[in-house]
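> The numbering of the sequence shown is our numbering, which starts it at 22 and goes up by one. One structure coming up, written as structure tokens, with questions to follow.
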Amino acid sequence: MMINKITEIRDNIHIGKLYKYNEYYNHVNELNINEITKRPYRFDIINNLLTYLNKEDSYYLEIGVRNPNDNFNKIIAKNKFSVDPGIEFENNSVDFKVTSDEFFSGLKNNEFLNSEIKFDVIFIDGLHLANQVKKDIENSLNYLNPNGFIVLHDCNPPSEYHAREDFYNDLTPAKKSWNGTTWKAFIEFRKKDEFSSICVDTDWGVGIITKAIDFGNPNVIDNEFYEYKIFNEFRKESLNLVQYEDFINKLGL
Ligand SMILES: C[S@@+](CC[C@H](N)C(=O)[O-])C[C@H]1O[C@@H](n2cnc3c(N)ncnc32)[C@H](O)[C@@H]1O
């Protein structure tokens, strides 16, 4: 009995040391801490865009809200609408308690709001899987003002563990931090030259898509199979990743 206990303790120490001295684990830990300490936040960027538009009667839509105090309640637009099926937050006080697909379908059929509505900023932060984000972008474009902005959270995963597909697979060095595969949808969309796009290097990567401002060149990096290693090597070009100060200069604020 005693020998079994000692063996178990010895095994646990061995496993602990494997983590403690693993260079990948420690490197990702550093990347995680680095990203968490970046400022400003996503709501600062969204508010910068609303300030740039300078409209008294601005319209804002947020897809994926969770706790509204984290972002939604901090947005300065006059008219704000929110969509979330309530998967992650029990007190789901949003306007439309449905998935983004259900919301856009209802919007099209005049079941929600008015199918003629145009938003100035649409923040996509719902299900962080590339296929869903791609749909969210395409649907959002139908309801965006010609000079409006689509904003996407989590475009810049600092490691492949942050970019895992399954949120619940959290026995990785990224722990509970999760960006999913939003980056794939964003870099794919960035191939289109009829839109302009940029990613601000803060708060896990705040991607922006618009026709209003020329943010620079589209993505020309060849990454046919969306390999994380290629993305990491050409991260700056793939995302058009810029520092916050450069973004503010481009807005002329
Ligand atoms: C990362 S949280 C949103 C965080 C919030 N936007 C913020 O900035 O603090 C993601 C939210 O998306 C919601 N969600 C999950 N699947 C969704 C879907 N298909 N459509 C819309 N929202 C979804 C979840 O319920 C969750 O509350």
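Beta carbons are placed, not taken as given, at the ideal position from N, Cα and C, and that holds for glycine.
Of the residues Glu-258, Gly-226 and Ile-269, which one's Cα is nearest the Cα of Asn-53?
Of Glu-258, Gly-226 and Ile-269, the residue nearest in Cα terms is Gly-226.
> Just the Cα atoms here: how many angstroms apart are Asn-8 and Ala-195?
In this structure the chain extends from 22 to 274, so residue 8 is not present and cannot be described.
> If you reduce the DSSP assignment to three classes, tell me which class Phe-207 lands in.
Helix at Phe-207.
> Can you round the beta-carbon distance between Ile-171 and Ser-161 to whole angstroms, since I take them to be within the 8 Å contact cut?
Between Ser-161 and Ile-171 the Cβ distance is about 5 Å, and since that is below 8 Å, they are a contact.
> Once the 5 residues before and after Arg-211 are set aside, which same chain residues still bring their CB inside 6 Å of it?
Here the set comprises Ser-218, Pro-239 and Asn-240.
> Going by DSSP in three states, Val-241 sits in which element: helix, strand or coil?
It is coil, neither helix nor strand.
> Rounding to the nearest angstrom, what Cα-Cα distance links Glu-29 and Ala-151 in this structure?
So the alpha carbons of these two residues sit roughly 42 Å apart.
> If we count Cβ pairs, one from each stretch, closer than 8 Å, do we get three or more for the region 112-122 versus the region 64-78?
No, the region 112-122 does not touch the region 64-78.
> Which residues mark the beginning and the end of the beta strand (DSSP E) in which Asn-100 is found?
100-104 is the extent of the beta strand (DSSP E) around Asn-100.
> May I have the straight-line CA-CA distance separating Asn-135 from Ile-229, to the nearest angstrom?
Near 25 Å, if we compare the C-alpha coordinates of Ile-229 and Asn-135.
> Less than 7 Å separating the Cβ of Val-172 from some heavy atom of ligand 1?
Every heavy atom of ligand 1 is 7 Å or more from the Cβ of Val-172, so no.
> Between which two residues does the beta strand (DSSP E) harbouring Ser-217 extend?
Taken as a continuous stretch (DSSP letters only), the beta strand (DSSP E) holding Ser-217 covers 217-221.
> What beta strand (DSSP E) runs, 3 residues minimum, are completely inside the region 104-165?
The qualifying runs are 140-145.
> Could you please give the first and the last residue of the uninterrupted beta strand (DSSP E) stretch that includes Tyr-80?
That run of the beta strand (DSSP E) goes 80-84.
> Please find out if some non-hydrogen atom of ligand 1 comes closer than 7 Å to the beta-carbon of Asp-65.
No, the Cβ of Asp-65 stays beyond 7 Å of every heavy atom of ligand 1.
> DSSP beta-bridge partners for Ile-346?
The structure shown has nothing for residue 346, since the chain only spans 22 to 274.
> Which two residues bound the contiguous alpha helix (DSSP H) that contains Glu-56?
Its alpha helix (DSSP H) spans residues 44-57.
> For Glu-254, which of Gly-85, Ile-242, Asp-157 and Ala-206 has the nearest alpha-carbon?
For Glu-254, the nearest C-alpha among the options comes from Ile-242.
> Check for me: the alpha helix (DSSP H) holding Tyr-73 runs from which residue to which?
Tyr-73 -> alpha helix (DSSP H) spans 63-74.
> Where does Ile-36 land, buried or exposed, given buried means 16+ other C-beta within 10 angstroms?
Under this definition Ile-36 is an exposed residue.
> Would you list the residues sitting across from Leu-262 in a DSSP beta bridge?
Looking at the DSSP assignment, Leu-262 forms a beta bridge with Cys-220.
> What I want to know is whether the C-beta of Gly-107 ends up closer than 7 Å to one or more non-hydrogen atoms of ligand 1.
Yes, the Cβ of Gly-107 comes within 7 Å of a heavy atom of ligand 1.
> For ligand 1, any of its heavy atoms closer than 7 Å to the Cβ of Glu-266?
The answer is no for Glu-266.
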